[in-house]
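*Asks:* This is the structure, below, for whatever I ask next.
Protein chains: 2
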Amino acid sequence: MKAIKLSERQERIVELVKEHEPITSENLAGHLGVTRAALRPDLAILTMMEVLEAKPKVGYIYSHKPSYSFLYDYINNIEVKSIMSSPIMVEENTTVYDAILHLFLNDVGTIFVHNEHILVGAVSRKDFLKFAMGGTDMHKVPVGIIMTRMPNIVYVKKEDPAYLAAKKIIEHEVDSLPVVEKTSENGKEELKIIGKVSKTNITRLFVKMGENK
Amino acid sequence: MKAIKLSERQERIVELVKEHEPITSENLAGHLGVTRAALRPDLAILTMMEVLEAKPKVGYIYSHKPSYSFLYDYINNIEVKSIMSSPIMVEENTTVYDAILHLFLNDVGTIFVHNEHILVGAVSRKDFLKFAMGGTDMHKVPVGIIMTRMPNIVYVKKEDPAYLAAKKIIEHEVDSLPVVEKTSENGKEELKIIGKVSKTNITRLFVKMGENK
Chain C
1 MKAIKLSERQ
11 ERIVELVKEH
21 EPITSENLAG
31 HLGVTRAALR
41 PDLAILTMME
51 VLEAKPKVGY
61 IYSHKPSYSF
71 LYDYINNIEV
81 KSIMSSPIMV
91 EENTTVYDAI
101 LHLFLNDVGT
111 IFVHNEHILV
121 GAVSRKDFLK
131 FAMGGTDMHK
141 VPVGIIMTRM
151 PNIVYVKKED
161 PAYLAAKKII
171 EHEVDSLPVV
181 EKTSENGKEE
191 LKIIGKVSKT
201 NITRLFVKMG
211 ENK
Chain H
1 MKAIKLSERQ
11 ERIVELVKEH
21 EPITSENLAG
31 HLGVTRAALR
41 PDLAILTMME
51 VLEAKPKVGY
61 IYSHKPSYSF
71 LYDYINNIEV
81 KSIMSSPIMV
91 EENTTVYDAI
101 LHLFLNDVGT
111 IFVHNEHILV
121 GAVSRKDFLK
131 FAMGGTDMHK
141 VPVGIIMTRM
151 PNIVYVKKED
161 PAYLAAKKII
171 EHEVDSLPVV
181 EKTSENGKEE
191 LKIIGKVSKT
201 NITRLFVKMG
211 ENK
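Here it is as structure tokens:
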């Protein structure tokens, strides 16, 4: 899989380097029947893409690490704040039934539970379904009983890379993470919810990255 | 946001082009106090990255489309088959209760309904939760009653780009798509389920793309 399509000549250079490494630019030019100067742009591109490595006084060698670094840079420069969306929040004493209504009305997969915007818990579609399977009356149980409670909630900050959010989502097997800001009121450090990042946000970002514009 | 970090000189060239476009390579070389030949690799990289556009007999202009093309190529070369996972399937007469058990046991978000591997329907966590809200006995209703039925199911083929799968997921607001293969038995064309692609698969792919290896 290649990121930038190499030109035919660039492909040929890579083949020659693989075969003869280390090989000088003079030798490469000789093989290709062109001048050294004519090769310079291609060699610059190939070393910049880390397909080739230039060893001073030795020549070019094939770089055995694939050239993912540009992709790595690209992805790690996207911050959570540029892809996050609004969190849907309820208070701890909201009934499970009302919380599920919020879930449907806003078409989200996770409801965050807050106390004056401070994160106290999270409930997912899966948690709600598990509760519904039990047959207990949804109108009588507050969401605080079935939620995952802090400090057992994985979160990100808005300056974190979107990559980190995606990694936490996969590692912790959750659908959505709250985006928080640290505040210290009354001398106690707490987390204020300011957004959320879900698999939907990551998928939307992926679509945006793949758009041909 | 840049994909490849430009060198200081490349950044300077871009600034000069923005200011003076269209500008010839001679003029650029003059501004920078270097020879035209010395600029050639930088100009080759900048036009290849589509940061600049070279107009024959006019000079370089700044390309107003950002240089996403390499990213576009990269993403559109990833096929569904390289990221799909196994579909969890039940038959149409399975009870809603049993289907939800399958959902939990396999920790998936969508159950596909099949008839001898031919796709007939799909039920999501959201569909199940909506049903559970209604209070009807889950043991008595077959999943065929609540599923989304063909031909109302969006699907992909294993040779499709992962990008197309992500796009369909976002556009149709679903969590998961069946991956199908066309078969024509008894002269009738049908779709055999061979996999699935979900937001989880896309998120996992995004994490893999962002890994520094």
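Just so you know, the protein sequences line up as chains C and H, in that order. UniProt numbering applies: residue 1 is where the first sequence begins, and numbers increase by one. UniProt numbering applies: residue 1 is where the second sequence begins, and numbers increase by one. Idealized CB from N, CA, C, for every residue including glycine. This structure is a prediction, so every number in the text was calculated from the model and none was measured.
Alpha carbon to alpha carbon, how far is Ser85(H) from residue 214(H)? Give it in angstroms, no decimals.
*Replies:* There is simply no residue 214(H) to check, as chain H begins at 1 and stops at 213 in what is shown.
*Asks:* By the three-class DSSP mapping on this structure, what secondary structure does Glu11(C) have?
*Replies:* In the first sequence, counting from the first residue as 1, residue 11(C) sits at position 11. In the structure shown, Glu11(C) sits in a helix (DSSP, three-state: H, G or I).
*Asks:* If you pair each beta-carbon of the region 153–173 of chain H with each one of the region 194–203 of chain H, do three or more pairs fall below 8 Å?
*Replies:* In short, these stretches touch, since the Cβ pair count reaches three.
*Asks:* Given that Ala37(H) touches chain C, what residues does it touch there, using C-beta distances under 9 Å?
*Replies:* Against the second sequence, residue 37(H) aligns to sequence position 37. Residues of chain C passing the Cβ test: Ala37 and Arg40.
*Asks:* In chain order, which alpha helix (DSSP H) runs of at least 4 residues are fully inside the region 31–75 of chain H?
*Replies:* Whole alpha helix (DSSP H) segments, 4+ residues: 36–48.
*Asks:* To the nearest angstrom, how far is the alpha carbon of Met1(C) from that of Asn77(H)?
*Replies:* If you number the first sequence from 1, residue 1(C) lands on position 1. If you number the second sequence from 1, residue 77(H) lands on position 77. Only weak support is given to the placement of Met1(C): the predicted model assigns it a pLDDT of 28, under 50, and the value that follows is read from those uncertain coordinates. Rounded to the nearest angstrom, the two C-alpha atoms are 7 Å apart.
*Asks:* Taking 8 Å as the cut-off, does the region 173–190 of chain H touch the region 4–13 of chain H (at least 3 CB pairs, one atom from each stretch)?
*Replies:* As far as the Cβ criterion goes, the region 4–13 of chain H does not touch the region 173–190 of chain H, which means the pair count is below three.
*Asks:* Indicate whether at least one CB of chain H lies closer than 8 Å to the CB of Gly195(C).
*Replies:* In the first sequence, the residue the question calls residue 195(C) occupies position 195. Chain H, which has no Cβ nearer than 8 Å to the Cβ of Gly195(C), makes this no.
*Asks:* Run through chain C and tell me which residues come within less than 9 Å of Ala166(H), C-beta to C-beta.
*Replies:* Numbered from its first residue, the second sequence carries residue 166(H) at position 166. Within 9 Å Cβ-Cβ: Thr203, Arg204, Phe206, Val207 and Gly210.
*Asks:* Considering only residues of the same chain and omitting the five flanking positions on each side of Asn106(H), which have a CB-CB separation below 6 Å?
*Replies:* Stepping through the second sequence from its first residue, residue 106(H) is reached at position 106. Only Ile88 meet the Cβ criterion.
*Asks:* Interface residues of chain H around Ile60(C) at Cβ under 8 Å?
*Replies:* If you number the first sequence from 1, residue 60(C) lands on position 60. For the sequence presented, residue 60(C) should be read as Tyr rather than Ile. Neighbours of Tyr60(C) on chain H: none; closest Cβ ~14 Å, over 8 Å.
*Asks:* Distance, Cα to Cα, Ile75(H) vs Tyr163(H)?
*Replies:* Sequence index remark: in the second sequence, residue 75(H) carries index 75 (1-based). Sequence index remark: in the second sequence, residue 163(H) carries index 163 (1-based). For Ile75(H) and Tyr163(H), the distance between alpha carbons rounds to 7 Å.
*Asks:* Under 8 Å between C-beta atoms, does Thr200(C) make it to chain H?
*Replies:* Sequence index remark: in the first sequence, residue 200(C) carries index 200 (1-based). Yes, because at least one Cβ of chain H sits closer than 8 Å to the Cβ of Thr200(C).
*Asks:* For Thr24(C), which three-state DSSP category applies?
*Replies:* Here the question's residue 24(C) lines up with position 24 in the first sequence. DSSP places Thr24(C) in coil when its eight states are reduced to three.
*Asks:* Assuming Met48(H) and Ile23(C) make a contact with CB atoms under 8 Å, what is their CB distance in whole Å?
*Replies:* Locating residue 48(H) in the second sequence gives position 48, where the first residue counts as 1. Locating residue 23(C) in the first sequence gives position 23, where the first residue counts as 1. Going by Cβ atoms, the distance from Met48(H) to Ile23(C) rounds to 23 Å, so no, they are not a contact pair.
*Asks:* Measuring only between beta-carbons, confirm whether Asn76(H) sits less than 8 Å from chain C.
*Replies:* As a first step, residue 76(H) must be located in the second sequence, where it is residue number 76. Taking Cβ atoms only, chain C reaches closer than 8 Å to Asn76(H), which makes this a yes.
*Asks:* Would you call the region 139–156 of chain C in contact with the region 51–60 of chain C, where contact means no fewer than 3 C-beta pairs closer than 8 Å?
*Replies:* Cβ pair count under 8 Å is below three, so no.
*Asks:* Label Ala3(C) either buried or exposed according to how many other C-beta atoms from any shown protein chain fall within 10 Å of its C-beta, with 16 as the threshold for buried.
*Replies:* One-based indexing of the first sequence puts residue 3(C) at position 3. Caution applies to Ala3(C), whose pLDDT of 44 falls short of 50 and renders its modelled position unreliable; the model cannot decide the point.
*Asks:* Among the residues of its own chain, which have a CB less than 6 Å from the CB of Tyr155(H), if the five just before and after it don't count?
*Replies:* Position 155 of the second sequence, counted from the start, is the residue given in the question as residue 155(H). Here the set comprises Leu177, Pro178 and Val180.
*Asks:* If I measure Cβ to Cβ from Arg125(C) and keep anything under 6 Å in the same chain, skipping five residues before and after, which residues do I get?
*Replies:* Taking the first residue of the first sequence as 1, we reach residue 125(C) at position 125. Excluding positions up to five away in sequence, the list reads Gly109.
*Asks:* I want to verify the contact list: residues of chain B whose CB lies under 7 Å from the CB of Leu129(H), in sequence order.
*Replies:* This model lacks chain B altogether, as its protein chains are C and H.
*Asks:* Counting only beta-carbon separations shorter than 8 Å, does Tyr163(H) have a partner in chain C?
*Replies:* Numbered from 1 along the second sequence, position 163 holds the residue referred to as residue 163(H). True, the Cβ-Cβ gap to chain C drops below 8 Å.
*Asks:* Among the candidates Pro41(H), Val17(H), Thr95(H) and Leu129(H), whose CA atom is the shortest distance from the CA of Phe104(C)?
*Replies:* On the first sequence, position 104 is the one that residue 104(C) refers to. Phe104(C) has its Cα closest to that of Leu129(H), out of Pro41(H), Val17(H), Thr95(H) and Leu129(H).
*Asks:* Whole angstroms is fine: what's the gap from Ile153(H)'s alpha carbon to Ile83(H)'s?
*Replies:* Walking along the second sequence from the start, residue 153(H) turns up at place 153. Walking along the second sequence from the start, residue 83(H) turns up at place 83. Approximately 20 Å, taken between the alpha carbons.
*Asks:* Take Glu159(C) and list the residues in its own chain whose beta-carbon comes closer than 8 Å to its own, dropping the five residues that flank it on each side.
*Replies:* By 1-based counting over the first sequence, the position of residue 159(C) is 159. Correct list, in chain order: Glu79, Val80 and Lys81.
*Asks:* Which ranges does the alpha helix (DSSP H) cover as unbroken runs of at least 4 residues, wholly within the UniProt domain "CBS" (147–213) of chain C, from first to last along the chain?
*Replies:* Listed in chain order, the complete alpha helix (DSSP H) runs (minimum 4 residues) inside the UniProt domain "CBS" (147–213) of chain C are 162–171 and 199–210.
*Asks:* Note down, in chain order, every chain H residue with its Cβ under 9 Å from the Cβ of Ile45(C).
*Replies:* In the first sequence, residue 45(C) corresponds to position 45, counting from 1. Within chain H, the residues near Ile45(C) are Pro41, Ala44, Ile45 and Met48.
*Asks:* Could you give the first and the last residue of the continuous alpha helix (DSSP H) run that contains Gly134(C)?
*Replies:* Against the first sequence, residue 134(C) aligns to sequence position 134. Looking at the DSSP string, the run of the alpha helix (DSSP H) that includes Gly134(C) is Arg125 to Gly134.
*Asks:* Which value, in whole angstroms, describes the spacing of the CA atoms of Val17(C) and Met150(C)?
*Replies:* Translated into positions along the first sequence, residue 17(C) becomes position 17. Translated into positions along the first sequence, residue 150(C) becomes position 150. One C-alpha to the other measures close to 56 Å.
*Asks:* Starting from His114(H) and walking both ways along the beta strand (DSSP E), at which residues does that stretch end?
*Replies:* Mapped onto the second sequence, residue 114(H) falls at position 114. Residues Thr110 to Asn115.
*Asks:* DSSP on Pro86(C), reduced to helix/strand/coil?
*Replies:* Within the first sequence, numbered from 1, the residue matching residue 86(C) stands at position 86. Per the sequence presented here, residue 86(C) reads as Ser, with Pro not at that position. Ser86(C) falls in the coil class under three-state DSSP.
*Asks:* Would you verify that the beta carbon of residue 218(C) is, or is not, closer than 8 Å to some beta carbon of chain H?
*Replies:* Since the first and last residues shown for chain C are 1 and 213, residue 218(C) lies out of range.
*Asks:* How many Å lie between Gly195(H) and Lys157(H) at the Cα?
*Replies:* Locating residue 195(H) in the second sequence gives position 195, where the first residue counts as 1. Locating residue 157(H) in the second sequence gives position 157, where the first residue counts as 1. Computed Cα separation, rounded: 9 Å.
*Asks:* Tell me whether Glu79(H) sits in a helix, a strand or coil according to DSSP, three-state version.
*Replies:* In the second sequence, counting from the first residue as 1, residue 79(H) sits at position 79. Correct three-state label for Glu79(H): strand.
*Asks:* Please compile the residues from chain H whose C-beta is within a distance smaller than 9 Å of the C-beta of Ile13(C).
*Replies:* Along the first sequence, read from residue 1 onward, the residue named residue 13(C) stands at position 13. What Ile13(C) touches in chain H: nothing, since even the nearest Cβ is about 14 Å away.
*Asks:* Tell me whether Thr94(C) is buried or exposed, calling it buried when 16 or more other Cβ atoms sit within 10 Å of its Cβ.
*Replies:* Sequence index remark: in the first sequence, residue 94(C) carries index 94 (1-based). By the 10 Å Cβ count, Thr94(C) comes out buried.
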